[in-house]
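Here is the structure we will look at, set down as structure tokens.
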Amino acid sequence: MRLTPRQEQIIEIVKENTPITGEKIANKLNVRRATLRPDLAVLTMAGLLEARPRVGYFYSGKTPYMLIAEEIRHLKVMEVKSVPVVVTEDASVYDAIVALFTEDVGTLFIVTNDSCLVGAVSRKDLLKVALGQGDLHKIPVQVVMTRLANIITVSGEESVYDAASKLVVHEVDALPVVEVISEDSDREMLKVIGRFTKTTVVRIFVEMGEGR
Ligand code: ADP
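Written out as structure tokens, the structure reads:
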């Protein structure tokens, strides 16, 4: 967030005179109280100043970066996830390539008939097999997918910051958003309820840039 010179001045005045009323800030800047109203509204909405009725303005001590950090650690995956794009485990590589185009995504999640996650394929996994000699209709997608044991997932309750960190640390483009449906068998059963991708992060970034 870039502050105007006057907003910077207001912050300095409040820092030195906490708490201070709007009237007194206006006096120090030689302007009318009404002139300052939009600036004070912006600074309070952004969380840089706190306003207490009949007391005045306080400096929150938070920098714009701290406020962005707070926002992305607070925002949950559940609130921003997209619908999952999946193919069932009996699909062929050909089917998966068609789904990649028709659904306009870069990663597909592979599921059982009852939506349990079994793997993921990226566009490069599919490109690699398409460069080979085999008949793509006959090669099961299961042969080329990354298997469940190696899949990095995220839950709807995790923060956008945690999910984005997983994309960076594990160098993948997309995470399945999952719900644990059973833990009693040998392997965990995970239901795919959404996807969190690099595009999701870019969208949040743009929305924040627009002040939303
Ligand atoms: P691309 O291969 O098109 O660059 P990614 O970087 O997302 O796309 O995928 C790299 C590899 O990681 C691929 O082999 C893919 O199957 C696998 N992969 C994709 N998503 C995940 C995930 N969420 N967890 C673990 N592995 C994944």
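Quick note: the sequence shown uses this note's numbering, first residue 102, plus one each step.
Heads up, the beta-carbon is just placed ideally off N, CA and C, and yes, glycines get one too.
The structure presented is a predicted model; accordingly, all values stated were derived computationally and were not measured.
To the nearest angstrom, how far is it from the Cα of residue i to the Cα of residue j?
i       : j       : result
Val-281 : Lys-225 : 28 Å
Gly-295 : Gly-233 : 32 Å
Val-244 : Leu-168 : 46 Å
Ile-62  : Thr-136 : The requested residue 62 does not occur in the structure, where the chain is confined to residues 102 to 313.
Glu-151 : Ser-183 : 35 Å
Ile-211 : Pro-185 : 10 Å
Ala-142 : Tyr-262 : 28 Å
Val-293 : Asp-274 : 16 Å
Thr-298 : Leu-237 : 27 Å
Ala-221 : Glu-204 : 15 Å
Phe-202 : Glu-117 : 59 Å
Glu-311 : His-271 : 29 Å
Met-146 : Arg-107 : 16 Å
Gly-123 : Leu-149 : 15 Å
Ile-121 : Glu-172 : 27 Å
Gly-200 : Leu-291 : It is Ala, not Gly, that sits at residue 200 in the sequence shown. Between Ala-200 and Leu-291, the C-alpha separation is close to 22 Å.
Asn-251 : Ile-112 : 49 Å
Ile-126 : Phe-159 : 12 Å
Thr-105 : Arg-134 : 17 Å
Val-194 : Val-219 : 15 Å
Thr-300 : Leu-130 : 44 Å
His-175 : Val-269 : 19 Å
In the DSSP assignment, find the unbroken beta strand (DSSP E) run with residue i in it and report its ends.
i       : result
Arg-296 : 290-298
Which word fits residue i, buried or exposed, when buried means at least 16 other C-beta atoms lie within 10 angstroms of its C-beta?
i       : result
Leu-228 : exposed
Gly-157 : buried
Thr-164 : exposed
Ser-223 : buried
Thr-208 : buried
Pro-277 : buried
Val-279 : buried
Thr-254 : buried
Ala-197 : buried
Ala-265 : buried
Give me whichever residues DSSP pairs with residue i in a beta bridge.
i       : result
Lys-177 : Ser-260
Ser-283 : Met-290
Ser-183 : Arg-296
Phe-159 : Glu-151
Ser-193 : Pro-241
Arg-248 : Gly-220
Phe-210 : Val-187 and Ala-221
Val-278 : Val-255 and Gly-295
How far does the alpha helix (DSSP H) with residue i in it extend, from its first residue to its last?
i       : result
Ile-121 : Ile-121 -> no alpha helix (DSSP H), and no H or E assigned at all.
Leu-232 : Leu-232 -> no alpha helix (DSSP H), and no H or E assigned at all.
Arg-138 : 134-146
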